[in-house]
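Protein chains in written order, with this note's numbering: chain A, 963 to 1117; chain B, 11 to 308.
Ideal placement from N, C-alpha and C gives every residue a C-beta, glycine not left out.
Here's the structure we're looking at; comments come further down.
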């Protein structure tokens, strides 16, 4: 076990980690970031997505010490104004059912709209292709992203 | 959860420091690029290193042209490579193949060097690199050597890389762009985020309505990503009129059995993989033949 430091949702934090500890376990078990969900554990489903230096990555196939000195943002750490808007539009478009995949989707949607003001349908699908949702059939989620873009993107 | 708690991790500040650590510990330690494949192998006990060395993120250029070669940093993330303007202009077939690796989240962390040293027979980048005649630069603190990608893979999960070497760059002879046509096919149960059941990269240069240069390379159809040399030979110097014909297709069906030897596994049966590659080649022939018709109509 060795100490590492990194930024978690804007705050400098430190933790003792072993070489084979995964980021998802560190976030959930040590920092109680239970909004980070573990689905497949193999980087296939996207439920455990977090932002690493602003880009979505799957925390189940990242070792905890790899984020040493870098910044991690979970859905709880998004700017309140952005999270509120995504939340409202996803609700209104029925883009959420059971909710297990939602924190991951929200982070990829935020990251996409930060990078691109008016993504095409194809760009939206491509950006979200690393997330599985077994409830909504995706269409409602794509619609929500299109509406978010049309209503001015991310603050 | 942790089988061997004594495994050490290292976060060197420079590539040189990373290579010095590797020199010191040898095969008992592993370099970590993105780690997206390695983490699964660690957890399944397929790999049992006593130390892990995180490679520093590439700080220099992503892709540049020098001395007749397109040079690409192996330490950059796939996302950085896909977004690079020079790479997109010079080697569009590679850009397309890279864009089909894993998911956005995986491309955001994984590296091209990692994709290659992982030596998965289904690797998406390798067929494109083979189609370009690419080489890899293998570096130690003492010096470096350059090895063609064609000789780099030694079997599933096996490469010719030495214990103290690090794959730092990919070199591609600057491709001829006039008359160049490229094709990339990836077959799998889903449209994205899959390991290929079979993949095919094709690069053809057409001059005066003839195939003046052609390379085909495929993945998931042999122990290592491989060129389809027999198919290449029959296509070379052919007129575009001769490509999309019953005779040519029959010939290719026959020759393919010499070029590929897929096994039946969870990603598809031997029959399916062979058929997928055959159909993809036929589609390429049809597309090239359509060029001929467009030219005569114009």
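Asked: DSSP beta-bridge partners of residue 82/B; Found: 73/B and 180/B
Asked: C-beta neighbour in chain A for residue 46/B, strict 8 angstroms; Found: yes
Asked: Listed by chain order, chain A residues near residue 19/B by CB distance under 8 angstroms; Found: 964, 981, 1025 and 1027
Asked: Unbroken alpha helix (DSSP H) run spanning residue 162/B, endpoints; Found: 159 to 162
Asked: Nearest candidate by alpha-carbon position, reference residue 203/B, set 136/B, 95/B, 110/B and 251/B; Found: 110/B
Asked: Chain-order list of residues whose beta-carbon lies under 7 angstroms from that of residue 1015/A (same chain, five-residue window excluded); Found: 1032 and 1033
Asked: For residue 1089/A and residue 47/B, the rounded distance between their alpha carbons; Found: 21 angstroms
Asked: Interface partners of residue 1008/A on chain B, CB under 8 angstroms; Found: 113 and 115
Asked: The region 247 to 264 of chain B contacting the region 218 to 236 of chain B, beta-carbon criterion three pairs below 8 angstroms; Found: yes
Asked: Opposing strand residues paired with residue 196/B [DSSP bridges]; Found: 209/B
Asked: Closer than 8 angstroms to chain A by CB, residue 202/B; Found: yes
Asked: Limits of the unbroken alpha helix (DSSP H) element including residue 1065/A; Found: 1064 to 1077
Asked: Chain A within 8 angstroms of residue 42/B, Cβ atoms only; Found: yes
Asked: For residue 228/B and residue 287/B, believed in contact at Cβ under 8 angstroms, the rounded distance; Found: 6 angstroms
Asked: Per-residue contacts from residue 119/B into chain A (C-beta, under 9 angstroms); Found: 1014, 1017, 1019, 1020, 1023, 1024 and 1028
Asked: Sequence-distant residues of the same chain with beta carbon closer than 6 angstroms to residue 128/B, five excluded per side; Found: 47
Asked: Under 9 angstroms from the C-beta of residue 1114/A: neighbouring residues of chain B; Found: Result: empty, since nearest Cβ-Cβ is about 23 angstroms, beyond 9 angstroms.
Asked: Under the three-state DSSP convention, the category residue 109/B falls into; Found: coil
Asked: Other residues of its chain near residue 23/B: CB distance less than 7 angstroms, five sequence neighbours each side excluded; Found: 66
Asked: Under 9 angstroms by beta carbon: chain B residues contacting residue 1011/A; Found: 115
Asked: Element boundaries [beta strand (DSSP E), containing residue 40/B]; Found: 39 to 42
Asked: Minimum Cβ-Cβ distance from residue 49/B to chain A less than 8 angstroms; Found: yes
Asked: Residue 303/B: contacting residues in chain A (beta-carbon distance under 7 angstroms); Found: Simply none; closest approach about 29 angstroms.
Asked: Residue-chain proximity (residue 984/A, chain B), Cβ-Cβ < 8 angstroms; Found: yes
Asked: CB contact flag (residue 1044/A, residue 1072/A, <8 angstroms); Found: yes
Asked: Residues bridged to residue 984/A (per DSSP); Found: 1025/A
Asked: Span of the alpha helix (DSSP H), counted from its first residue to its last, around residue 1044/A; Found: 1042 to 1054
Asked: Neighbour flag for residue 52/B against chain A, beta carbons, 8 angstroms; Found: yes
Asked: Neighbour flag for residue 1091/A against chain B, beta carbons, 8 angstroms; Found: yes
Asked: Neighbour flag for residue 64/B against chain A, beta carbons, 8 angstroms; Found: yes
Asked: Beta-carbon proximity list for residue 12/B, same chain, < 7 angstroms, skipping 5 on both sides; Found: The predicted model places residue 12/B with a pLDDT of 48, which falls under 50 and marks its position as unreliable, so this point remains unresolved.
Asked: For residue 1011/A, three-class secondary structure by DSSP; Found: strand
Asked: Environment of residue 276/B [buried if 16+ CB atoms lie within 10 Å]; Found: exposed
Asked: Contact with chain B by residue 1005/A, beta-carbon distance below 8 angstroms; Found: yes
Asked: Under the three-state DSSP convention, the category residue 1059/A falls into; Found: coil
Asked: Limits of the unbroken beta strand (DSSP E) element including residue 89/B; Found: Counting along the chain, residue 89/B falls outside any beta strand (DSSP E), though it belongs to the alpha helix (DSSP H) covering 88 to 92.
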